[in-house]
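These notes are about the structure you will find just below.
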Amino acid sequence: MHAPETYPPHADEADLQLDAGGRLRHLLTLKGLDKDLLISLLDDAERFLSPAGATTTRSSSLAGRTVANLFFEPSTRTRASFDLAGKRLGADVLNLDVNTSSRKKGESILDMIYTLQAMRVDIMVVRDASAGVPAYIARHVNDYVSILNAGESDVSHPTQGLLDLLTIRQHKGHFENLTVTIVGDIAHSRVARSAADGLRTMGVGELRLVCPPALAPDGDDLPGAQVVHDLDEGLADADVVMALRIQRERIGNLDGIPGIDEYFANYGISHERMKGAKPDAIVMHPGPMNRGIEIESSLADSPASVITQQVTNGVAVRMAVLEHVSKSLAVD
Ligand code: CP
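Counted the way our numbering counts, the sequence shown spans residues 1489 to 1820.
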């Protein structure tokens, strides 16, 4: 049996992402990606959207490429949308069953990656509960393989951040002067971190993080954001309200975490609490959603909710990301 692998954090994670020509090579984090590149990804994602009921937009831009989905944590939205995104671009898509993969027998993650690389997998989409795994893999693959982070511990979920930016842009048209309020388990949320990274780059007016003290982020973990513990204060005149799930799988000690009823009473987003936000405020949630805990069920299904639109945008954003990295892999 080999020694357990460790994935030490490196300061250069953001620098790994672009090739010498400035093209997106890996997507590991939204940190370090400039505003022009984010806008280009959002614009390209818009091209892949089609009206509900119409046939989906397709292309053959990834024909001949192979995308492997390597999800070592549960997923519905991200895994399904990377699968659909790859297929709609003409790629071969491999969904590795992690429960029957040789990693379960003790194979190291790098040996698994080298095996897939030898099979000419071009793009590996990785979700893992351990921080540092996507960057660790990106540092070890060949020049012609790209790594996409599909959710990394509590650190980063960059395609979720992009789909959130796209959804906000569709409704508000801009980011400056907007007040965005994220409510819930900020401490353990990769969604909040990537949203904050993207919103900061796009020049958001104000970012508020509302959470119980036990679920507050450490220090300056999300720079530029204001942490508040009172929901009404956080929601006052907000343009965008994003509810988060309590990440129980990442909370070691539940001391200080309110029970369900207390949590909903103090931090649940409801029609009543939303009266403090702007009248045209939109309600977001990354999913999976716990109705009646972080969000009132009828609010999740109300006209203010853009939750299903976020899911639709997720496929389009992932198509845009796949196209961008595929161009960087092309042999000139
Ligand atoms: N938002 C999100 O990452 O959902 P999944 O866990 O279903 O992929």
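For each residue, glycine too, the CB sits at the ideal point set by N, CA and C.
Under 8 Å by Cβ, that's how I've got residue i and residue j pegged, so tell me the actual separation to the nearest angstrom.
| i | j | result |
| --- | --- | --- |
| residue 1537 | residue 1804 | 5 Å |
| residue 1747 | residue 1565 | Residue 1747 to residue 1565, Cβ: 27 Å. No contact. |
| residue 1784 | residue 1758 | 4 Å |
| residue 1729 | residue 1765 | 6 Å |
| residue 1723 | residue 1772 | Going by Cβ atoms, the distance from residue 1723 to residue 1772 rounds to 13 Å, so no, they are not a contact pair. |
| residue 1671 | residue 1648 | Incorrect: roughly 16 Å between the Cβ atoms, too far for contact. |
| residue 1580 | residue 1603 | Not confirmed; about 16 Å, so no contact. |
| residue 1689 | residue 1522 | 7 Å |
| residue 1617 | residue 1501 | With a Cβ gap of about 18 Å, residue 1617 and residue 1501 do not count as contacting. |
| residue 1636 | residue 1668 | Not a contact, Cβ separation roughly 25 Å. |
| residue 1525 | residue 1512 | 7 Å |
| residue 1610 | residue 1632 | 7 Å |
| residue 1613 | residue 1625 | About 11 Å; that fails the 8 Å criterion. |
Reducing DSSP to helix, strand and coil, say where residue i ends up.
| i | result |
| --- | --- |
| residue 1786 | helix |
| residue 1511 | coil |
| residue 1530 | helix |
| residue 1568 | helix |
| residue 1489 | Since pLDDT at residue 1489 reaches only 44, below the 50 mark, its modelled position is unreliable, and no value is offered. |
| residue 1735 | coil |
| residue 1793 | strand |
| residue 1757 | strand |
| residue 1536 | coil |
| residue 1587 | helix |
| residue 1607 | coil |
| residue 1517 | coil |
| residue 1687 | helix |
| residue 1812 | helix |
| residue 1574 | helix |
| residue 1682 | helix |
| residue 1806 | helix |
| residue 1750 | helix |
| residue 1705 | coil |
| residue 1599 | helix |
| residue 1522 | coil |
| residue 1710 | coil |
What residues match up with residue i in a beta bridge as DSSP calls it?
| i | result |
| --- | --- |
| residue 1779 | 1783 |
| residue 1580 | 1554 |
| residue 1772 | 1730 |
| residue 1798 | DSSP, once it has assigned bridges, lists no residue as partnering residue 1798. |
| residue 1506 | 1512 |
| residue 1663 | Paired residues: none, contrary to the question. |
| residue 1559 | 1615 |
From what residue to what residue does the beta strand (DSSP E) around residue i run?
| i | result |
| --- | --- |
| residue 1669 | 1667 to 1671 |
| residue 1473 | Residue coverage of the chain in this structure runs from 1489 to 1820, which leaves residue 1473 outside it and unanswerable. |
| residue 1501 | Taken as a continuous stretch (DSSP letters only), residue 1501 belongs to no beta strand (DSSP E), as it is neither H nor E. |
| residue 1616 | 1611 to 1616 |
| residue 1765 | Where residue 1765 is concerned, there is no enclosing beta strand (DSSP E), given that its DSSP letter is neither H nor E. |
| residue 1694 | 1694 to 1698 |
| residue 1715 | 1714 to 1716 |
Would you mind reading off the limits of the alpha helix (DSSP H) that contains residue i?
| i | result |
| --- | --- |
| residue 1648 | 1646 to 1660 |
| residue 1721 | 1719 to 1723 |
| residue 1621 | 1621 to 1628 |
Who's in the neighbourhood of ligand 1, going by beta-carbon under 7 Å from any heavy atom, listed in chain order?
1562, 1563, 1564, 1565, 1566, 1567, 1639, 1645, 1648, 1679, 1774, 1775, 1776
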